[in-house]
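> Handing you a structure now.
Residue numbers (full-length UniProt numbering): 1 to 283.
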């Protein structure tokens, strides 16, 4: 049950980032992030009263705030990275921090114990992400520019997503959705705060692009709710790694919908990611 929820969360995360990544190629990335999070926040506020299954403690709201900070930083800088560099590069790079931080905390500080197959599966994730991020070699300057553009912003995004996963996993599964709603609100505030210094201060989008960003942001809220449910049925480290396999989704969608071609390294990376999922599910 926990593995399925985490993988469904990964699918939703991947769709969200793919759609908003496309928008970020035409509009300022952080502006896209802002409106996407507004849409996700609206959905969370609508769902929270009807789906609340229990009473949240003060600590749950505190973790929700911290998760919102991570979400805001992660989304803002990921979409900024997507507007600067290749999607197949910056998304896997951002995923490194999203995987590493919660897993290290879960194992080292929280005392979570993992079986040998799970360790092997998690060890397969970094090479899988690295292989998926390899573009078809080009010529000279174009090749080097493609691999480097957006990477600094992607690394910042990875740290933000790692904080998001780590904090949200500490929220009691019986606390309802109000901590998630609070997390969404905080993420909007964080993105608005960094939009002027890092995003050029552009606040508006064309109507069609705005509606798409808002819808994709709602899918992102569904992803974090699914992740929260997954951590209630699974070790945090395992749920985090499975949810963080979402970079494979933009690669596959780009292949099917945009006519992009995978090189041999990327195909090997997707096979490696599938192997990781199978091993981690054994736990």
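Beta carbons: idealized from backbone N, C-alpha and C, even for Gly.
Keep in mind it's a predicted model, so treat the numbers as computed, not measured.
1. Let's see if you can read the secondary structure: which residues bound the alpha helix (DSSP H) around residue 114?
2. Tell me which residues share the same chain as residue 8 and place their Cβ nearer than 7 Å to its Cβ, disregarding the 5 neighbours each side in the sequence.
3. Looking at the unbroken alpha helix (DSSP H) that takes in residue 15, where does it start and where does it end?
4. Terminal residues of the continuous alpha helix (DSSP H) containing residue 28?
5. Going by DSSP in three states, residue 55 sits in which element: helix, strand or coil?
6. Can you grab the Cα-Cα spacing for the pair residue 222 / residue 68, in whole Å?
7. Where in the region 160-199 do unbroken runs of the beta strand (DSSP E), each at least 3 residues long, occur, reported from the N-terminal end onward?
8. Would you mind working out which of 214, 230, 269 sits nearest residue 205, comparing C-alpha positions?
9. Where does residue 229 fall in DSSP's three states?
10. Per DSSP, what kind of secondary structure is residue 257 in: helix, strand or coil?
11. Between the Cα of residue 20 and the Cα atoms of 199, 212, 238, which residue gives the shortest distance?
12. Do you know how far the Cα of residue 276 is from the Cα of residue 34?
13. With H, G and I counted as helix, E and B as strand and the rest as coil, what does DSSP make of residue 202?
14. Kindly indicate which three-state DSSP category residue 110 falls into: helix, strand or coil?
15. My guess is that residue 199 and residue 31 are in contact by the Cβ rule of under 8 Å, so how many angstroms apart are they, rounded?
16. Do residue 38 and residue 156 have their C-beta atoms closer together than 9 Å?
17. For residue 250, does the three-state DSSP call read helix, strand or coil?
18. Assuming residue 153 and residue 64 are in contact, meaning their beta carbons sit under 8 Å apart, how far apart are those beta carbons, in whole angstroms?
19. Distance check for residue 230 and residue 5, CA to CA, integer angstroms please.
20. Tell me which residues share the same chain as residue 27 and place their Cβ nearer than 7 Å to its Cβ, disregarding the 5 neighbours each side in the sequence.
21. Please name the residue in 15, 123, 238 whose C-alpha comes closest to that of residue 272.
22. May I ask you to report which of helix, strand or coil DSSP gives residue 131?
Checking against the coordinates, here is how it stands:
1. Here residue 114 belongs to no alpha helix (DSSP H), and DSSP marks it neither H nor E.
2. 226
3. 2-24
4. Unbroken run through residue 28: none, as it is neither H nor E.
5. Coil at residue 55, not helix or strand.
6. 15 Å
7. none
8. 214
9. The answer is helix: DSSP assigns residue 229 an H, G or I state.
10. helix
11. 212
12. 33 Å
13. Collapsing the DSSP output to three states places residue 202 in coil.
14. coil
15. 6 Å
16. no
17. helix
18. At roughly 25 Å, the Cβ-Cβ gap does not stay under 8 Å, so residue 153 and residue 64 are not in contact.
19. 5 Å
20. 205, 209
21. 123
22. Note: residue 131 maps to helix in three-state DSSP.
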